[in-house]
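Take any residue in the sequence shown, note its place counting from 1, add 4, and you have its number in this note's numbering. Quick reminder that beta carbons are idealized off the backbone N, C-alpha and C, glycines included. Being a predicted model, the structure only gives us computed values, none of them experimental.
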Amino acid sequence: MHRRRRSSKNAQTTRFSLLLLEDGEYFLDVCTRGLFFVPQELLQPVLRFPFRCMTAEPVAECFLDGLNDFKDPPRMYLTFTTSLVIEMRERGIDHPYVFKDTTAGVVVGEDTNALGSSRSGSSSSLNADTPSKYVFTLLHSTLESFLASLHVSYEVANLPRRMLTKREEETLLAPVLGPRLATEFDPSLLVDFREKPLLETGQPADRIEPLLKYPGCLMLTDSRLYFQPAPLNNVLDPVLNWEYSTVAQIYKRRYLLQQTGLEIALRNGESFFFSLRSVKERDAFYMLMVQQPELRRCQRTDLRLMMRKWQRRELSNFEYLLFLNNASGRTRNDLTQYPVFPWVLCDYRSAELDLSDPKVYRDLTKPIGALDAERLAYFRTRYEVMPRGEEAEGMPPPFLYGTHYSTPGYVLYYLVRMAPQCMLCLQSGKFDAPDRLFRSIAVTWDGCVSNYTDVKELIPEFFDCGFPADEWLRNAKHLDLGATQSFSRVDDVELPPWAHGDANEFVRKNRAALESDFVSEHLHHWIDLIFGYKQQGDEAVKADNLFYYLSYEGSVDLETIDDPVQKCSLESQIQEFGQTPKLLFSSPHPSRNENEGKLQVATLDLLPSPRVYLPQVRRVSYPPDGVLNLRHRRRNEVAMSQFAAEDSDYESEMEGQGDGDSQRQRTRRGYSFLCFQPPWQRFPLVIEGLSAQLWGNSGAGKPLKTWEWRSRLRTKYSLSSSWVWKQTSSSQLHSGEITSAVLSGDGSTLFTTCKDSALKRSATESGAELSEIVGQSALSCCDLSPDERTVFVGCWDNRVYMYSVATGRVLHKLFAHSDGISAIRVLKDRVFTSSWDSTVKLWRYTSSFMVASPIRTFLNCEEAVLCLDVSRDGQWGAAGTRNGVVYLFDLTAVEFHSQVAASPLRRGDVSSVAFASDAKTYVCVTMESELLQFSLRGEQLWRMDITIAGQIRCFDSDGEYAVGGTTTGKILIWKLHEEAGKELVYHIPQAHETIVSALAVSSTGSTIVSGDVDGFVKVWKLRQSPFMAKKRPTSAGGREATAQSVGIQTVEEEKPSRRSKKKKKRRGKRPPRQQPAFYVPGLASQVAEAQCCVEF
5 MHRRRRSSKN
15 AQTTRFSLLL
25 LEDGEYFLDV
35 CTRGLFFVPQ
45 ELLQPVLRFP
55 FRCMTAEPVA
65 ECFLDGLNDF
75 KDPPRMYLTF
85 TTSLVIEMRE
95 RGIDHPYVFK
105 DTTAGVVVGE
115 DTNALGSSRS
125 GSSSSLNADT
135 PSKYVFTLLH
145 STLESFLASL
155 HVSYEVANLP
165 RRMLTKREEE
175 TLLAPVLGPR
185 LATEFDPSLL
195 VDFREKPLLE
205 TGQPADRIEP
215 LLKYPGCLML
225 TDSRLYFQPA
235 PLNNVLDPVL
245 NWEYSTVAQI
255 YKRRYLLQQT
265 GLEIALRNGE
275 SFFFSLRSVK
285 ERDAFYMLMV
295 QQPELRRCQR
305 TDLRLMMRKW
315 QRRELSNFEY
325 LLFLNNASGR
335 TRNDLTQYPV
345 FPWVLCDYRS
355 AELDLSDPKV
365 YRDLTKPIGA
375 LDAERLAYFR
385 TRYEVMPRGE
395 EAEGMPPPFL
405 YGTHYSTPGY
415 VLYYLVRMAP
425 QCMLCLQSGK
435 FDAPDRLFRS
445 IAVTWDGCVS
455 NYTDVKELIP
465 EFFDCGFPAD
475 EWLRNAKHLD
485 LGATQSFSRV
495 DDVELPPWAH
505 GDANEFVRKN
515 RAALESDFVS
525 EHLHHWIDLI
535 FGYKQQGDEA
545 VKADNLFYYL
555 SYEGSVDLET
565 IDDPVQKCSL
575 ESQIQEFGQT
585 PKLLFSSPHP
595 SRNENEGKLQ
605 VATLDLLPSP
615 RVYLPQVRRV
625 SYPPDGVLNL
635 RHRRRNEVAM
645 SQFAAEDSDY
655 ESEMEGQGDG
665 DSQRQRTRRG
675 YSFLCFQPPW
685 QRFPLVIEGL
695 SAQLWGNSGA
705 GKPLKTWEWR
715 SRLRTKYSLS
725 SSWVWKQTSS
735 SQLHSGEITS
745 AVLSGDGSTL
755 FTTCKDSALK
765 RSATESGAEL
775 SEIVGQSALS
785 CCDLSPDERT
795 VFVGCWDNRV
805 YMYSVATGRV
815 LHKLFAHSDG
825 ISAIRVLKDR
835 VFTSSWDSTV
845 KLWRYTSSFM
855 VASPIRTFLN
865 CEEAVLCLDV
875 SRDGQWGAAG
885 TRNGVVYLFD
895 LTAVEFHSQV
905 AASPLRRGDV
915 SSVAFASDAK
925 TYVCVTMESE
935 LLQFSLRGEQ
945 LWRMDITIAG
955 QIRCFDSDGE
965 YAVGGTTTGK
975 ILIWKLHEEA
985 GKELVYHIPQ
995 AHETIVSALA
1005 VSSTGSTIVS
1015 GDVDGFVKVW
1025 KLRQSPFMAK
1035 KRPTSAGGRE
1045 ATAQSVGIQT
1055 VEEEKPSRRS
1065 KKKKKRRGKR
1075 PPRQQPAFYV
1085 PGLASQVAEA
1095 QCCVEF
């Protein structure tokens, strides 16, 4: 914050600042809650006249006294009477505001504009007693227009403050604020007339500075970025512009725990922070910006690479912590996300500091709140007695610490001497009580380890030798900070004896301690607490590191809250009580002295951007068959060596992971292998290797669908079959509509969710209930992790819940979307979710929690997403939407791939989508009874119209067969790519009495589980027919299929009469008749293995 851009205005005009306004107040030509008068005379204070303290609305008044025989026209004055005057910045010094009750008297002054800030003319002559009536002359504004602009603001300001939130106040002031928030960009502001704007209109955005917000609009041209301030809160601020060549980096940020921020870092060290209206607008603007040729060099830095540099001592501890703060979204432009640093010393009273003595260091394995055993015992006791599971009643989840280690108040606590104006703004015109001010390093440390309401860490200024320590440790501005209860004046910060009274010496020794061997050996523990896997979830509880839930990203979605009172309350809590950094690592951080340490990254933002490489390979995502076969041969060595040649940093990193000669030998083999391939065939290998480096585990981990119904159901050339689907169990597990059903890998266990808010685990064979978990809202979907230890549940309350299969308790819950969760799919270490809010998100998870920040939010869907599936290899994800469109996502490159209009004419909702076993195609069904199969290229491979009564509500497919449950209670099985009219191969007409709402097929295809809207679950097994005739050998090795008639009626067969039954019974003892052999031309064998199916 001390590097803020400073305007070149003169001293007189800079006396007025937006920091003088109240929270929620806006500056127009006048302020929305009062008038300011800024005398030209620097010795006089700035005066504020609140509207709520005026006895009546300001009026125009004519004074006839003193007119020269009425030769001059009468002059009109602005007058008002007030009961309170607030004095600020007398003699240009930031001091606590002086609130004065008015007495009799009149002050006459001249004013140059509607604000009341005087630029020229005589200053007011203030009486000793504060007057109650004030008279002003407007030099550059008409009284009529000025009073008209005052009226609405005055009326709103005098409404009862306790009954009016900031949101409601903004709504009432909309007629005044709205015209000043126009987003039309003025093209005359372009630096070069040859520039081409890339947007039709300006992008609404707020420029964020500590405690301040400047509305305006952003504009991109082919060579510059512009920010045009709106007339609102504009204190003569110029239009800002930056050439792309001056931009060093572009970061996506969060603001008020919402992903709407964008920060532009310049090469000269300056940075500018903006907040856009929504995450969709922010992402679209970001993508347009990084597509500019001069900005393609702005690549995201790899966390693993920076860790390696830190371990090799190429980065100091200070530089690495600054990098991690930046990577987690911490910025000096936002006090709620100010960079955080650790206390590293615990000895602030010795005359000399021995950095070789471990006793002088703080224990970095524990959070600051757990350093004192007695205080920690209190926090643990309070945590244990806190109510659980009562969030629906307004109770927060349990926490250890109600305060945070980094808040705006704590930042200004340290920097009050450097930024007193910010402290006065935050404290409503007052400094904090002298006993609570930052007056001694030792006293502050004692409070942090013993005070029950103080767990603050440090800020970078404690270790930054490049910043003058006197500016924030000395009272250079001679501020009146008061006296303590012991009658000692608060002036300079009392330094430890070992600093010898020198502020710069204190910072130098603190920095030396940070870079010491002891801290280098233990710093990774503190990183785990602040940026790593001990930040949240069960690991945070074990590490005594759990904070109030609103400090974590994803705990609440402000965009979905309509209640203005609740929204303002949450915003205030977030602003005042701090935010936990974005989670960076989901595994333990290696120590600095560890030569080989694996690091699991929890967020995509700081990994090398795939967009740098993707444009070269996008058009060859599907190479010829020959290349596909080559992918499996040493593809890792080939891809990595190619990638290493393109990036020297990665080459050096790879060489450092093992024997250099062997690594270089593998690299040479890779190039030798690639040189025989055309370039367009090499790119898929390169991008596949890049994706592997980004994510490691690429497979979904789910069992392969091997239904093998071809050999069990009726043959294509015969009218009979020896297999039948038999119902083995039926039970009413739930009291409402079953929304999803998932089978374990071996098919022995069933997981079901229901609108009755229950998740149940039951035995598939017997239907016996094994466990039950009841939530607060209706459950919409669930999926099982590949190791089957965790079940993920989507809920109508916009959350995703993690449940332990072993214990049945909630491991973690996360606000994932702004509407209910419609579908969920779990991969090895990632979760793919969709919602009725039209978004699809990819998350990372560990064994105990989901990472709060999604890896990627896909905003491509135009309508609500109804269904979701992922391919078995984990590379592809498909989402079906309400408007009949299927969207395909590349989960390896983490990007949108393509979309297909599955129902372009009827626009039927895509009710289900499923990938084939080979992950090369996917099948979907629409509510308009359309069954379709597409390739990954988007080509339609097959289509049929389902001619049945009702609609398909649930569905699954292995790419060869498809199973569906209908709204009329039927279960149908189709064979894809069959002759027209013969696609339906099996039919269970009365599977359920009501709508079949959920369906699951085991990986082997031997079991089908179906659930209905009444809560009934039925299990169907593929069994041999009990009425089948004895097997008869066929000539030439042919396969025999015998008709059966258990609940199945074929199209070719009519219902047998009693007479035919008797004849069939008499013929039953005859010897079996040999079936003729089949000859299929064009095949080596004369006998073709028949495709078994049962036709309806």
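Inset, instruction - Helix, strand or coil for T971, going by three-state DSSP, please let me know. - result: Position 967 of the sequence shown holds residue 971. If DSSP states are grouped into helix, strand and coil, T971 belongs with coil.
Inset, instruction - State yes or no: is the C-beta of L82 within less than 9 Å of the C-beta of C57? - result: As a position in the sequence shown, residue 82 is number 78, starting the count at 1. As a position in the sequence shown, residue 57 is number 53, starting the count at 1. No, the Cβ-Cβ distance between L82 and C57 is not below 9 Å.
Inset, instruction - Check whether the Cβ atoms of Y365 and V348 sit closer than 9 Å, and answer yes or no. - result: Indexing the sequence shown from 1 puts residue 365 at position 361. Indexing the sequence shown from 1 puts residue 348 at position 344. It is a contact, given that the beta carbons lie within the stated cut-off.
Inset, instruction - With DSSP collapsed to three states, give me the class of W840. - result: If you number the sequence shown from 1, residue 840 lands on position 836. Three-state result, W840: coil.
Legend entry - Contacts around I1012, its chain only, beta-carbon distance under 6 Å, and the 5 residues preceding and following it disregarded: Looking up residue 1012 in the sequence shown gives position 1008. The residues are V1005, W1024.
Inset, instruction - Look at the alpha carbon of V728 and the alpha carbon of Y990, and state the distance between them as a whole number of angstroms. - result: If you number the sequence shown from 1, residue 728 lands on position 724. If you number the sequence shown from 1, residue 990 lands on position 986. About 9 Å.
Inset, instruction - Select from R384, T385, M399 the residue whose C-alpha is nearest the C-alpha of P391. - result: Numbered from 1 along the sequence shown, position 387 holds the residue referred to as residue 391. Measuring from the Cα of P391, the nearest candidate turns out to be M399.
Inset, instruction - Measure the C-alpha to C-alpha separation of D338 and Y414 and round it to an integer number of angstroms. - result: Residue mapping note: residue 338 aligns to position 334 of the sequence shown, counting from 1. Residue mapping note: residue 414 aligns to position 410 of the sequence shown, counting from 1. Cα to Cα, D338 sits roughly 13 Å from Y414.
Legend entry - Where the beta strand (DSSP E) through K256 begins and ends: As a working note, residue 256 is residue 252 in the sequence shown. Counting along the chain, the beta strand (DSSP E) containing K256 begins and ends at 251 to 259.
Legend entry - Proximal residues to Q425 (C-beta, below 6 Å), its chain only, five neighbours per side dropped: Taking the first residue of the sequence shown as 1, we reach residue 425 at position 421. Once the five neighbours on either side are set aside, the close Cβ partners of Q425 are L23, D98.
Inset, instruction - Spell out the partners DSSP gives W246 in its beta bridges. - result: As a working mapping, residue 246 is identified with position 242 in the sequence shown. The partner list for W246 (beta bridge, DSSP) reads L229.
Inset, instruction - Pair every Cβ in the segment 91 to 106 with every Cβ in the segment 45 to 64, then say whether three or more of these pairs are closer than 8 Å. - result: yes
Inset, instruction - Would you check if the distance between the CB atom of L261 and the CB atom of F278 is smaller than 9 Å? - result: Locating residue 261 in the sequence shown gives position 257, where the first residue counts as 1. Locating residue 278 in the sequence shown gives position 274, where the first residue counts as 1. No, these two residues do not count as a Cβ contact at 9 Å.
Legend entry - C-beta contact flag for P402 and L550 at 9 Å: Locating residue 402 in the sequence shown gives position 398, counting from the first residue. Locating residue 550 in the sequence shown gives position 546, counting from the first residue. In this structure, L550 lies closer than 9 Å to P402 by Cβ.
Inset, instruction - Counting only the same chain and skipping the five closest in sequence on each side, list residues whose C-beta sits under 7 Å from that of F197. - result: Residue numbering aside, residue 197 sits at position 193 when the sequence shown is read from its first letter. Closer than 7 Å at the Cβ level, and outside the excluded window around F197, lies no residue.
Legend entry - Boundaries (first-last residue) of the beta strand (DSSP E) holding M291: In the sequence shown, counting from the first residue as 1, residue 291 sits at position 287. Where M291 is concerned, there is no enclosing beta strand (DSSP E), although the alpha helix (DSSP H) it sits in stretches over 283 to 294.
Inset, instruction - With a 10 Å radius around its C-beta and 16 neighbouring C-beta atoms as the bar for buried, classify E692 as buried or exposed. - result: Locating residue 692 in the sequence shown gives position 688, where the first residue counts as 1. For E692, the predicted structure reports a pLDDT of 38, less than 50, and the residue's modelled location is therefore unreliable. A value from the coordinates is still provided. The residue is buried, with at least 16 neighbouring Cβ atoms inside 10 Å.
Inset, instruction - Identify every residue that forms a DSSP beta bridge with L783. - result: The residue you call residue 783 lines up with position 779 of the sequence shown. C799, per the DSSP bridge assignment.
Legend entry - Bridge-paired residues (DSSP) for M427: Indexing the sequence shown from 1 puts residue 427 at position 423. Answer is none; M427 lacks a bridge partner.
Inset, instruction - Decide if the segment 276 to 292 is in contact with the segment 202 to 217; the criterion is three or more beta carbon pairs, one per stretch, under 8 Å apart. - result: yes
Legend entry - With 16 other Cβ atoms within 10 Å as the buried cut-off, status of K538: Taking the first residue of the sequence shown as position 1, residue 538 is located at position 534. Answer is buried; the Cβ neighbour count reaches 16.
Legend entry - Y387, DSSP secondary structure in three states: One-based indexing of the sequence shown puts residue 387 at position 383. In this structure, Y387 counts as helix in the three-state DSSP scheme.
Inset, instruction - Would you kindly work out how many angstroms separate the C-alpha atoms of N514 and N597, rounded to a whole number? - result: In the sequence shown, counting from the first residue as 1, residue 514 sits at position 510. In the sequence shown, counting from the first residue as 1, residue 597 sits at position 593. Roughly 21 Å between the two C-alpha positions.
Legend entry - S1010 and L980 closer than 9 Å at C-beta: Taking the first residue of the sequence shown as 1, we reach residue 1010 at position 1006. Taking the first residue of the sequence shown as 1, we reach residue 980 at position 976. No; because the gap between Cβ atoms is not below 9 Å, this pair is not in contact.
Inset, instruction - Can you grab the Cα-Cα spacing for the pair I859 / F41, in whole Å? - result: Walking along the sequence shown from the start, residue 859 turns up at place 855. Walking along the sequence shown from the start, residue 41 turns up at place 37. Straight-line Cα distance between these residues: approximately 51 Å.
Inset, instruction - Run the CB neighbour count on T850, radius 10 Å, all protein chains shown included, and call it buried at 16 or more, exposed below. - result: In the sequence shown, the residue the question calls residue 850 occupies position 846. With 16 or more other Cβ atoms within 10 Å, it is buried.
Inset, instruction - Label D27 either buried or exposed according to how many other C-beta atoms from any shown protein chain fall within 10 Å of its C-beta, with 16 as the threshold for buried. - result: By one-based count along the sequence shown, residue 27 stands at place 23. D27 comes out exposed.
Legend entry - Option nearest V797 by Cα separation, candidates T837, A772, A966: Reading the sequence shown from its first residue, position 793 is the one you call residue 797. Comparing Cα-Cα distances from V797 to each of T837, A772, A966, the minimum goes to T837.
Inset, instruction - Please report how far the alpha carbon of P214 lies from the alpha carbon of M427, in whole angstroms. - result: Taking the first residue of the sequence shown as 1, we reach residue 214 at position 210. Taking the first residue of the sequence shown as 1, we reach residue 427 at position 423. One C-alpha to the other measures close to 11 Å.
Inset, instruction - Tell me, to the nearest whole angstrom, how far the beta carbon of C865 is from that of I825; I am working on the premise that it is less than 8 Å. - result: Walking along the sequence shown from the start, residue 865 turns up at place 861. Walking along the sequence shown from the start, residue 825 turns up at place 821. C865 to I825, Cβ: 14 Å. No contact.
Legend entry - 6 Å CB neighbourhood of S21 in its chain, flanking five on each side removed: The residue given as residue 21 occupies position 17 in the sequence shown. There are no such residues.
Legend entry - Pick from S822, R834, L194, L1003 that is closest to D566, judged by C-alpha positions: To locate residue 566, count along the sequence shown from 1; it is residue 562. Ranking the options by Cα distance to D566, first place goes to S822.
Legend entry - Assigned exposure category for H528 - 16 Cβ within 10 Å defines buried: Position 524 of the sequence shown holds residue 528. Buried.
Inset, instruction - Please report the residue range of the alpha helix (DSSP H) in which I565 lies. - result: Numbered from its first residue, the sequence shown carries residue 565 at position 561. Where I565 is concerned, there is no enclosing alpha helix (DSSP H), given that its DSSP letter is neither H nor E.
Legend entry - Any 3 or more C-beta pairs closer than 8 Å across the segment 176 to 186 and the segment 243 to 251: no
Inset, instruction - Output the residue ranges of the beta strand (DSSP E) runs that lie fully inside the segment 174 to 238 and measure 3 residues or longer, sorted by chain position. - result: 207 to 213, 216 to 224, 228 to 233
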